[in-house]
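Following the working numbering, the numbering of the sequence shown begins with 392 at its first residue and continues without gaps.
Every residue, glycine too, gets a C-beta built ideally from N, C-alpha and C.
Quantities reported herein were computed from a predicted structural model and do not represent experimental measurements.
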Amino acid sequence: MAASIHRYDQVIGLKYVQSRQHFDLGAELGIGVERTLQGAIAPQVALFFSTPLPFENRHDPIKLPYCILKYQFDFQNAGFLDTYHGLYFGLGYAFGPKARLNLQFSLGLVAEQMYGVVNPIKTTHFFWNPQAQISYFLGE
């Protein structure tokens with residue numbers, strides 16, 4: 392289970408992580424509420440890769456510092472369709488003896504495309520989007 396806050400949306404989602412020997416692969420499905428479009432619902436899907444940072448001296452309560460690379464797609468539909476494709480790079484920490492609680496900060500380059508506005512030609516805008524995410528893993 393995960394919750395995130397980023398430029399437009401407050402998202403609650405489900406996260407799945409498949410651990411490998413030296414890295415993790417994961418997927419995330421979420422739903423958010425977009426503030427600037429009068430509360431439009433904002434579905435989100437993301438795929439990510441994370442790997443631990445090579446620190447030799449780790450200590451509790453910070454269990455595992457890691458870096459993450461994530462592709463995220465989300466959209467809103469409130470009179471017009473607004474889609475976002477983002478590539479994010481970030482850092483995170485896993486807390487506790489079983490590393491179930493994670494705190495992650497990332498910055499992404501996002502391409503926004505709007506459809507159905509006054510001009511029928513789709514327009515693309517690029518911007519930087521910061522994200523903060525808190526995740527709690529229910530199982531192992």
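Exercise for review: Would you please state the rounded distance, in angstroms, between the beta carbons of L460 and F440? I believe it to be under 8 Å.
Suggested key: 5 Å
Check your understanding: Expressed to the nearest angstrom, what Euclidean distance is found between the alpha-carbon atoms of V436 and I403?
Key -> 11 Å
**Study point:** Between the CA atoms of A431 and L500 - distance to the nearest angstrom
**Key:** 22 Å
Review point. Which first and last residues belong to the beta strand (DSSP E) in which G483 is found?
Key: L472 to F486
**Study point:** Contact test: F517 Cβ vs the ligand HEM heavy atom, cutoff 7 Å
**Key:** Absence of the ligand HEM from the depicted structure is noted, as is the absence of any ligand whatsoever, leaving it without description.
Check your understanding: How close, in whole Å, do the beta carbons of G481 and Q463 come, if the pair is a contact with beta carbons under 8 Å?
Key -> Not quite, the Cβ-Cβ distance comes to about 11 Å (not below 8 Å), so this is no contact.
Practice item. Just mark S410 as buried or exposed, buried being the case when its beta carbon has 16 or more other beta carbons within 10 Å. Key: exposed
Exercise for review: Could you give the DSSP three-state label for A490: helix, strand or coil?
Suggested key: coil
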